[in-house]
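In the numbering used here, the protein residues as written are -18 to 342.
Below: one structure, written as structure tokens.
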Ligand SMILES: Nc1ncnc2c1ncn2[C@@H]1O[C@H](COP(=O)(O)OP(=O)(O)OP(=O)(O)O)[C@@H](O)[C@H]1O
Ligand SMILES: [Mg+2]
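If you want it as structure tokens, here you go:
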């Protein structure tokens, strides 16, 4: 240990001031002693106005928050609350992940250190098991219906072809043509609703190969000036997956992004590794993460919760199957797709587990 600390108290204070995480310190009466600039921004209050006030005065509607502080203080134990709703006076609710740590020292009376990070308010698609189960159940119903429609469709088309050959008048062919064309259209739709009918052929694949393939495909289809930016982490390990299925999932998302951009825009393809991921009951130490970010119109808040369900579409010519299929393909790999969106920035995140530490199922 050096005799003199390498950084002095002033430097420490400046570091705290530059932190992106909101930091608040309360005393044991829950009076605010300190708030850093990130905290001021998040709670929309100035340090000058806020310090010296009681938690209940600052955030009168934040009952849950105050309870967490008290619990931590009484038990003298750190607590973390995820996705806690905080109502800011005059600004409405925000959702935060919040850690509370009681601390004291030889010359310090007990205090509470609160660290908060705002979780995207539009992050609605949760990793919650119920949500995943509901999506799966809906897909099963849709597949069942598609199967039932598909069977008689073949017969219908065959009969129209026979009829066409037996027609006495060429002009009547127009009608059989309509039957055949519409039967074909319906057949294609049913095939999409049924989803992939083969088991995944898994092998070790490079996710950048997936992204490059999709980029080339989409770029060839583009009719608008859309720039596709690549932000790849080359150190990501290979993923054990079905190449074609992951390409299909990513393609469906990237196509949606191109459709959401009006005129000029940018789509960013970003890859990262992510540590500690929980999906339903499964816990994974490491996952590959692909973010597909576009600066298009965004997804309306009243629609975002439902976009992974089949037949949900916001486009006049959409079938609403793209995301349901993508989610189903990624689920088959033990992974998950999430989405967050504000006007001008929509992010779809595809998470594919690389390692499973422990599965409670
Ligand atoms: N990046 C995005 N930006 C804005 N809205 C989006 C985005 N991605 C999806 N959406 C919305 O979600 C809806 C559902 O998407 P999904 O891909 O499942 O179906 P679709 O695109 O309508 O039809 P298709 O079956 O042809 O893909 C879209 O209609 C659109 O309203
Ligand atoms: Mg789509």
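Every residue gets a Cβ at the ideal spot worked out from N, C-alpha and C, and that includes glycine.
It should be emphasised that the depicted structure is a prediction, and the values quoted were computed from it without experimental measurement.
Whole-angstrom distance between residue j and residue i, CA atom to CA atom
i: residue 314; j: residue 336; result: 12 Å
i: residue 194; j: residue 258; result: 27 Å
i: residue 41; j: residue 3; result: 19 Å
i: residue 228; j: residue 198; result: 10 Å
i: residue 92; j: residue 33; result: 14 Å
i: residue 156; j: residue 150; result: 11 Å
i: residue 341; j: residue 265; result: A caution first: residue 341 carries a pLDDT of 39, below 50, which makes its placement in the model unreliable, though a value can still be read off. When rounded, the distance between both Cα atoms is 11 Å.
i: residue 215; j: residue 18; result: 35 Å
i: residue -12; j: residue 58; result: 29 Å
i: residue 129; j: residue 145; result: 25 Å
i: residue 182; j: residue 159; result: 38 Å
i: residue 176; j: residue 169; result: 11 Å
i: residue 138; j: residue 163; result: 9 Å
Boundaries (first-last residue) of the alpha helix (DSSP H) holding residue i
i: residue 316; result: No alpha helix (DSSP H) holds residue 316; DSSP gives it neither H nor E.
i: residue 22; result: 18 to 24
i: residue 28; result: 28 to 31
i: residue 155; result: 154 to 175
i: residue 200; result: 188 to 202
i: residue 51; result: 44 to 56
Nonlocal neighbours in the same chain, by C-beta distance under 6 Å from residue i, ignoring five residues either side
i: residue 245; result: 206
i: residue 230; result: 307, 310, 311
i: residue 79; result: 62, 65, 97
i: residue 12; result: 35
i: residue 209; result: 196, 248
Proximity winner among the options, relative to residue i (alpha-carbon distances)
i: residue 124; options: 79, 156, 172, 140; result: 172
i: residue 292; options: 91, 127, 37, 57; result: 127
i: residue 221; options: 136, 148, 184; result: 184
i: residue 243; options: -8, 204, 167; result: 204
i: residue 5; options: 251, 118, -9, 81; result: 81
i: residue 53; options: 46, 83, 169, 38; result: 83
i: residue 304; options: 226, 255, 269; result: 226
i: residue 288; options: 119, 29, 176; result: 119
i: residue 86; options: 8, 148, 135, 27; result: 8
i: residue 217; options: 249, 248, 333; result: 333
i: residue 25; options: 45, 152, 68, -6; result: 68
i: residue 213; options: 187, 251, 186, 179; result: 251
i: residue 295; options: 268, 241, 263; result: 241
Contacts around residue i, its chain only, beta-carbon distance under 7 Å, and the 5 residues preceding and following it disregarded
i: residue 325; result: 276, 279
i: residue 235; result: 195, 199, 248, 273
Opening and closing residue of the beta strand (DSSP E) in which residue i lies
i: residue 260; result: 246 to 260
i: residue 218; result: No beta strand (DSSP E) contains residue 218, which DSSP labels as neither H nor E.
Close-in-space but distant-in-sequence residues of the same chain around residue i (CB under 8 Å, 5 per side omitted)
i: residue 51; result: 11
i: residue 31; result: 13, 16, 21, 24, 39
### Message
Give the residues whose C-beta lies closer than 5 Å to at least one heavy atom of ligand 2, in chain order.
### Response
237, 303
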